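Visitor: Residue numbers (this note's numbering): 1 to 74.
Once you've had a glance at the structure underneath, I'll fire off some questions.
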């Protein structure tokens, strides 16, 4: 779904650049560049969200973390 949305955004950008009178090579270059940037942002966002979800200690309150640390040290 996100890939389709990114593709549609780049195609609309290409269409608008062509309507504005830009050369085909430049319009294609900019559209591909926009596609790669959007794809990279979405990929990194999904990656970092997965990293945050897999780290259970970051979601614990500070008091629970201290209790756990005290249990380990005793």
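The beta-carbon is built from N, C-alpha and C at its ideal position, and this holds for glycine as well.
Here the structure is a predicted model, which means the values were calculated and not measured.
Quick check on the burial criterion: 16 or more other C-beta atoms within 10 angstroms. Buried or exposed for residue 48?
Guide: exposed
Visitor: May I ask you to report which of helix, strand or coil DSSP gives residue 21?
Guide: coil
Visitor: Buried or exposed, going by whether 16 or more other CB atoms sit within 10 Å of the CB of residue 27?
Guide: buried
Visitor: Measuring straight from C-alpha to C-alpha, what distance separates residue 3 and residue 53?
Guide: Taken atom to atom, the span from the alpha-carbon of residue 3 to that of residue 53 is near 23 angstroms.
Visitor: Any idea if residue 23 is buried or exposed, counting beta-carbon neighbours within 10 angstroms, 16 or more meaning buried?
Guide: exposed
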